[in-house]
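> This structure is in structure tokens; I'll ask about it shortly.
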Amino acid sequence: MTAVDPATGPLAQLTPIGLADLTQRAALQTRFDRKYLLPLAELPHLLARLDRTDQVLEIDGRRAFRYESIYFDTADLVSFRLTARRRRRRFKIRTRTYLDSGLCWLEVKTEGIRGGTVKERLPYHPDDSGTLAPGRSFVDGVLDALSAGPTLAFAPTLTTSYLRSTLYLPATASRATIDVALHWEDQRGRRLALPDLAIIETKTGSTASHVDRLLWRQGHRPVAISKYATGLAALDPDLPAGRWRRTLRRHFHAGAGQGTPHPVGVGGDVAAGPGGSRNAYPTPRTV
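Each residue of the sequence shown is one higher than the one before, counting from 4 in my numbering.
Structure (structure tokens):
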């Protein structure tokens, strides 16, 4: 993964910032998210043009961190379907484990009044990452405002993992994250990998960051993607593609230029192909 190597690539040139300082300056639990998909090979070109004041999160000498998220949904996938239909009262429930530190959080994400994302979270034990039992009262408390919660039965539905680097952007007191080594696995054992793509997400107030503007100048625009909902739709062709149809065709499905989704086998791995787009996306590898 030399294209975004935090030890020798452009990230190594940035001034580090610690987690406490990053949280204090740009917590952004209520925020506007913009997400971009681009070839991994384009990252050095983008990172080399960052502002000299930008900083990179560093903890114990590390500038890239392994994440694992387990998403919870009902048997009829109410969280997925609310997201697919863009309902105002949509929500996502997940545990997020920082594998390098062993820290874990239970998180509930909801839609804010003005369309931003609101994330509420609770410290969690890593051994409990696959169950909501210890934190169910917290989940129900957040969902009460949506008239959902105690009557719903949740179970683990999808696991995602990736390697993340986080930037602090002082000019807008905002953040940007860079996710690579992207993997998904559902509860039926179907797996998907996108090793040659990166997801860049900017997390700002109402003002776009200079990272957004750099991406716009390179011809990239925000895309509709949810690690949970888009990943689940990619693994299960029977689910509605909805607002992620173009993203699935261009980035997730082999043969996407012909509109033919790559077959997904239970217990097997999928190497998703890029399909036709204005950029040249390399063919991902099977893990």
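Just so you know, even glycine gets a beta-carbon here, dropped at the ideal spot from N, CA and C. Remember, it's a predicted structure, so these values are computed and weren't measured experimentally.
1) Can you tell which of L195, A201, V183 has the C-alpha that lies nearest to the C-alpha of A237?
2) In this structure, how does DSSP classify R216 when only helix, strand and coil are distinguished?
3) What would DSSP say about T98, mapped onto helix, strand or coil?
4) Which stretch, first to last residue, makes up the alpha helix (DSSP H) that contains L22?
5) I need the straight-line Cα distance from T160 to L170, nearest angstrom please.
6) If we call anything under 8 angstroms between Cβ atoms a contact, is A1 one with R37?
7) I'd like the ranges of any beta strand (DSSP E) spanning at least 3 consecutive residues and lying wholly in the region 127 to 194.
8) With a 10 Å radius around its C-beta and 16 neighbouring C-beta atoms as the bar for buried, classify A15 as buried or exposed.
9) Which residues in the same chain have their Cβ closer than 7 angstroms to the Cβ of S140, if we skip the five residues on either side of it in sequence?
10) Could you give the DSSP three-state label for P198: helix, strand or coil?
11) Among D239, K230, H223, whose alpha-carbon lies nearest the alpha-carbon of G192?
12) Could you tell me whether the Cβ atoms of V59 and L17 are closer together than 8 angstroms?
13) Given this structure, state the Cα-to-Cα distance separating P292 from E110, to the nearest angstrom.
14) Which word fits G234, buried or exposed, when buried means at least 16 other C-beta atoms lie within 10 angstroms of its C-beta?
On the basis of the coordinates in this document:
1) Numbered from its first residue, the sequence shown carries residue 237 at position 234. The residue with the shortest Cα to Cα distance from A237 is L195.
2) On the sequence shown, position 213 is the one that residue 216 refers to. Here R216 sits in helix by DSSP.
3) Here residue 98 corresponds to residue number 95 of the sequence shown, with the count starting at 1. Here T98 sits in strand by DSSP.
4) Residue mapping note: residue 22 aligns to position 19 of the sequence shown, counting from 1. Looking at the DSSP string, the run of the alpha helix (DSSP H) that includes L22 is 22 to 29.
5) Sequence index remark: in the sequence shown, residue 160 carries index 157 (1-based). Sequence index remark: in the sequence shown, residue 170 carries index 167 (1-based). A direct Cα-to-Cα measurement between T160 and L170 gives close to 30 angstroms.
6) This structure leaves residue 1 out entirely; the chain is present only between 4 and 290.
7) 158 to 172, 177 to 189
8) Counted from its first residue, the sequence shown places residue 15 at position 12. It counts as exposed.
9) Locating residue 140 in the sequence shown gives position 137, where the first residue counts as 1. Contacts found: none.
10) Your numbering for residue 198 matches position 195 in the sequence shown. Note: P198 maps to coil in three-state DSSP.
11) By one-based count along the sequence shown, residue 192 stands at place 189. Among D239, K230, H223, the Cα nearest to that of G192 is on D239.
12) Against the sequence shown, residue 59 aligns to sequence position 56. Against the sequence shown, residue 17 aligns to sequence position 14. Cβ distance < 8 angstroms, so V59 and L17 count as in contact.
13) For the chain, the structure presents residues 4 to 290; residue 292 sits outside this window and is missing.
14) As a first step, residue 234 is located in the sequence shown; it is residue number 231 there, counting from the start. Classification of G234: buried, given that the 10 Å Cβ count is 16 or more.
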